[in-house]
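Enquirer:
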Amino acid sequence: MTSELNAAEAANTAYRIRTTTDGVTFKDASVPDPIPLGRQILMAAGVRDIENNILYAILPNGEFEDVRLDETYDLRAKGTEVFAYFESDRAFNFTIEQRQMSWGRNLISGKAVRNLAGVDERYTIYLEVRGGHDRPIGDTDLVDLSGKGIERFITVIRETTEGLGALPSADRQFIEDHGLTCEMIADAGSTGVVIKNFPLPPGKFDRDVVDVMIQLPAGYPDASVDMFFTMPWIKLKATGRYANCADQPHLFGGQNWQRWSRHAEWRAGIDGIRTMVARAELAFAKAA
Amino acid sequence: MRKIVARLLRALGVMKFDFLAETASTFPSDAGLAQGRLVVVRDGDVEKWACLTCPGGCGRTINLSLNPLRRPKWTVAIDFWRRPTLLPSVHQLNECGCHFWIKGGCIDWCQGGRPKDNSAMHGRH
Ligand SMILES: [Zn+2]
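Protein sequences, first through last, are from chains A and B. The numbering used here applies: residue 4 is where the first sequence begins, and numbers increase by one. The numbering used here applies: residue 14 is where the second sequence begins, and numbers increase by one.
Structural data, given as structure tokens:
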């Protein structure tokens, strides 16, 4: 009776852990012992070929600590809940924001770096490049950790823009002449100009004004601007639907914009914000 | 040395600046950024980042990309006294919302771009 009770209690107090081997998917598991051996953790994670795996505890501060198979690990001591394991005998080290991390494969995805280090979506992760510009690493980009030297990652929050001073003077003049209220927004590697409270044809849409965003490519104004985007999403009053070719979302600067797929030639040296305003006006007028 | 002289000249009221520039070969940690310092990360010939603590008083670090092939992007020029000029302006989209230029080491607030609690910073002009 007593032993049954103890067993029941133990089951209730089983230590919950999460395990990952790719840094992207995390599996829930539980270990009955608060001070398991490394191999017990691997067993709980469902690993079969335990001898050929290496195991790391990911500490609450994001640092990696390696755990040998026959070493005990006190789950209560450091509040560790997450473990990473690799079928490998070699570790690749890297740092992110000065924190030491380890990985059991030579390739790591941006998503894995983000998840392992707990980097929030508002930050862009860059790989430090010696002698060159640091390279932004998207979720699906792969970084090879096997080169000589330890790869270093840095993170930069996307909350800073250039202000309208970054626009060519013709654009600034146009904005001023037409009394437009504009602001700049940023995403990884590009800038968007948001024209606030852009007037819509009266009675045509479910709103009278909308914010229009024009995304500037790196080579702007020589490089062409293609589509434009609105926020909030607008529907045609007559049909209660989105206009043709304006029903797809576009993620930019942490917001989901309504994409207006309207294409036209771009004349370098001539076209600019003025062109895009005209294009948006025409698109709203003709929308069906 | 030049920086010490610059600070002395500022103390004497001969020179004005809010920021002096220094260079580093690697990206600084947030903790390594003292108020009034603009750190230019330069690796060989490549100027990569300009890093500063927000002059709006919120304490946030601002990291500006100097990569000409990406946006947003800035350029930084440093004069004899190491006073930086940053182009174009810096506009924070966070709660602080400050919007300013740095010209010849001095902060030039844009209209409506100056948070209310930064009187201490402005008082140094
Ligand atoms: Zn601030």
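Quick reminder that beta carbons are idealized off the backbone N, C-alpha and C, glycines included. From a predicted model like this one, the values you see are computed outputs, not experimental measurements.
Step through the CB atoms of chain B and report whether any lies within less than 7 Å of the CB of aspartate 250 of chain A.
Expert: Residue 250 of chain A sits at position 247 when you count from the first residue of the first sequence. Answer no: the Cβ-Cβ gap between aspartate 250 of chain A and chain B never drops below 7 Å.
Enquirer: Secondary structure at alanine 47 of chain B, three-state DSSP: helix, strand or coil?
Expert: Along the second sequence, read from residue 1 onward, the residue named residue 47 of chain B stands at position 34. Here alanine 47 of chain B sits in coil by DSSP.
Enquirer: Please find out if some non-hydrogen atom of ligand 1 comes closer than 6 Å to the beta-carbon of cysteine 67 of chain B.
Expert: Locating residue 67 of chain B in the second sequence gives position 54, where the first residue counts as 1. Yes, the beta carbon of cysteine 67 of chain B sits closer than 6 Å to at least one heavy atom of ligand 1.
Enquirer: Grouping DSSP H, G and I as helix and E and B as strand, with all else coil, what is isoleucine 38 of chain A?
Expert: As a working note, residue 38 of chain A is residue 35 in the first sequence. In the structure shown, isoleucine 38 of chain A sits in coil (DSSP, three-state: anything other than H, G, I, E or B).
Enquirer: Excluding the 5 residues flanking lysine 199 of chain A on each side, which residues of the same chain have their C-beta closer than 6 Å to its C-beta?
Expert: Position 196 of the first sequence, counting from 1, holds the residue named residue 199 of chain A. These residues qualify, in order along the chain: Thr184 and Asp214.
Enquirer: Residues of chain B with CB under 9 Å from isoleucine 99 of chain A, in chain order?
Expert: Looking up residue 99 of chain A in the first sequence gives position 96. Neighbours of isoleucine 99 of chain A on chain B: none; closest Cβ ~11 Å, over 9 Å.
Enquirer: Listed in chain order, which residues of the stretch 159 to 174 of chain A have Cβ atoms closer than 9 Å to some Cβ of chain B?
Expert: Val159, Ile160, Arg161, Glu162, Thr163, Thr164, Glu165, Gly166, Leu167, Gly168, Ala169 and Leu170
Enquirer: Strictly under 7 Å for the Cβ-Cβ distance: is glutamine 48 of chain B near chain A by that measure?
Expert: To locate residue 48 of chain B, count along the second sequence from 1; it is residue 35. No, because no Cβ of chain A sits closer than 7 Å to the Cβ of glutamine 48 of chain B.
Enquirer: Is any beta-carbon of chain B found at less than 7 Å from that of alanine 286 of chain A?
Expert: Stepping through the first sequence from its first residue, residue 286 of chain A is reached at position 283. Judged by the 7 Å Cβ criterion, alanine 286 of chain A is not in contact with chain B.
Enquirer: Residues of chain B with CB closer than 7 Å to the CB of threonine 194 of chain A, please, in chain order.
Expert: Numbered from 1 along the first sequence, position 191 holds the residue referred to as residue 194 of chain A. Correct list: Arg84 and Pro85.
Enquirer: Compile a chain-ordered list of the residues in the stretch 119 to 151 of chain A whose CB is closer than 9 Å to at least one CB of chain B.
Expert: Tyr129, Glu131, Val132, Arg133, Gly134, Gly135, His136, Asp137 and Pro139
Enquirer: Chain A beta carbons: is any one of them nearer than 7 Å to that of lysine 124 of chain B?
Expert: For the purposes of this step, residue 124 of chain B is identified with residue 111 of the second sequence, where counting begins at 1. The sequence as given places glutamine at residue 124 of chain B; lysine does not occur at that position. Not an interface residue.
Enquirer: Using only CA atoms, which one of A:Trp260, A:Ile61 and A:Met46 lies nearest to glutamate 54 of chain A?
Expert: If you number the first sequence from 1, residue 54 of chain A lands on position 51. The residue with the shortest Cα to Cα distance from glutamate 54 of chain A is A:Met46.
Enquirer: Does DSSP put leucine 22 of chain B in a helix, in a strand, or in coil?
Expert: Numbered from its first residue, the second sequence carries residue 22 of chain B at position 9. Leucine 22 of chain B falls in the helix class under three-state DSSP.
Enquirer: What three-state label does DSSP hand glutamate 31 of chain A in the structure shown?
Expert: Position 28 of the first sequence, counted from the first residue, corresponds to residue 31 of chain A. For clarity, residue 31 of chain A is aspartate in the given sequence; the question names glutamate instead. Correct three-state label for aspartate 31 of chain A: strand.
Enquirer: Starting from the N-terminal side, write out each stretch of the beta strand (DSSP E) that is 3 residues or longer and does not extend beyond the stretch 104 to 143 of chain A.
Expert: 110 to 112, 126 to 130 and 138 to 140
Enquirer: Helix, strand or coil, according to DSSP, for lysine 199 of chain A in the structure here?
Expert: The residue labelled residue 199 of chain A in the question sits at position 196 within the first sequence. It is a strand residue.
Enquirer: Following a CB-centred definition, is cysteine 119 of chain B positioned closer than 6 Å to any heavy atom of ligand 1?
Expert: Walking along the second sequence from the start, residue 119 of chain B turns up at place 106. Checking every heavy atom of ligand 1 against the Cβ of cysteine 119 of chain B, none is found closer than 6 Å.
Enquirer: Can you give me the start and stop residues for the alpha helix (DSSP H) that glutamine 176 of chain A sits inside?
Expert: For this step, residue 176 of chain A is matched to residue 173 along the first sequence. 172 to 180 is the extent of the alpha helix (DSSP H) around glutamine 176 of chain A.
Enquirer: Relative to chain B, which residues along the stretch 187 to 221 of chain A have a C-beta separation below 7 Å, given in chain order?
Expert: Taking 7 Å as the upper bound on Cβ-Cβ separation, chain B lies near residues Met187, Ile188, Ala189, Gly192, Ser193, Thr194, Leu219 and Ala221 of the stretch 187 to 221 of chain A.
Enquirer: Using DSSP bridges, identify the partner residues of arginine 102 of chain A.
Expert: For this step, residue 102 of chain A is matched to residue 99 along the first sequence. The partner list for arginine 102 of chain A (beta bridge, DSSP) reads A:Ile99.
Enquirer: Taking 7 Å as the threshold (beta carbon to beta carbon), is valine 59 of chain B in contact with chain A?
Expert: Stepping through the second sequence from its first residue, residue 59 of chain B is reached at position 46. With 7 Å as the cut-off, valine 59 of chain B counts as an interface residue toward chain A.
Enquirer: Considering only the beta carbon of each residue, do alanine 19 of chain B and tryptophan 94 of chain B sit closer than 7 Å?
Expert: The sequence position of residue 19 of chain B within the second sequence is 6, counting from 1. The sequence position of residue 94 of chain B within the second sequence is 81, counting from 1. In this structure, tryptophan 94 of chain B lies closer than 7 Å to alanine 19 of chain B by Cβ.
Enquirer: Roughly how many angstroms separate the alpha carbons of proline 139 of chain A and leucine 25 of chain B, rounded to a whole number?
Expert: As a working mapping, residue 139 of chain A is identified with position 136 in the first sequence. As a working mapping, residue 25 of chain B is identified with position 12 in the second sequence. Using only the alpha carbons, I get a separation of about 45 Å.
Enquirer: Closer than 8 Å by C-beta to tryptophan 260 of chain A: which residues in its own chain qualify, once you throw out the five before and the five after it? Chain order, please.
Expert: One-based indexing of the first sequence puts residue 260 of chain A at position 257. The answer, listed in chain order, is Met216, Phe232, Thr233, Met234, Pro252, His253 and Leu254.
Enquirer: Buried or exposed: which applies to histidine 104 of chain B, given that a residue is buried once 16 or more other Cβ atoms fall within 10 Å of its Cβ?
Expert: Numbered from its first residue, the second sequence carries residue 104 of chain B at position 91. Buried: at least 16 other Cβ atoms inside 10 Å.
Enquirer: Which of the three DSSP states, helix, strand or coil, is assigned to arginine 15 of chain B?
Expert: As a position in the second sequence, residue 15 of chain B is number 2, starting the count at 1. In the structure shown, arginine 15 of chain B sits in a helix (DSSP, three-state: H, G or I).
Enquirer: Nearest-angstrom Cα distance between proline 41 of chain B and lysine 151 of chain A?
Expert: Numbered from 1 along the second sequence, position 28 holds the residue referred to as residue 41 of chain B. Numbered from 1 along the first sequence, position 148 holds the residue referred to as residue 151 of chain A. C-alpha separation (whole angstroms): 22 Å.
Enquirer: Using the Cα positions of valine 52 of chain B and alanine 34 of chain B, report the straight-line distance between them to the nearest angstrom.
Expert: By 1-based counting over the second sequence, the position of residue 52 of chain B is 39. By 1-based counting over the second sequence, the position of residue 34 of chain B is 21. Straight-line Cα distance between these residues: approximately 6 Å.
Enquirer: Using only the alpha-carbon positions, how far apart do leucine 78 of chain A and phenylalanine 95 of chain A sit?
Expert: As a first step, residue 78 of chain A is located in the first sequence; it is residue number 75 there, counting from the start. As a first step, residue 95 of chain A is located in the first sequence; it is residue number 92 there, counting from the start. Rounded to whole angstroms, leucine 78 of chain A to phenylalanine 95 of chain A spans 25 Å at the Cα level.
Enquirer: For ligand 1, is there any heavy atom lying closer than 6 Å to the beta carbon of cysteine 185 of chain A?
Expert: The residue given as residue 185 of chain A occupies position 182 in the first sequence. Flag unset: Cβ of cysteine 185 of chain A not near ligand 1.
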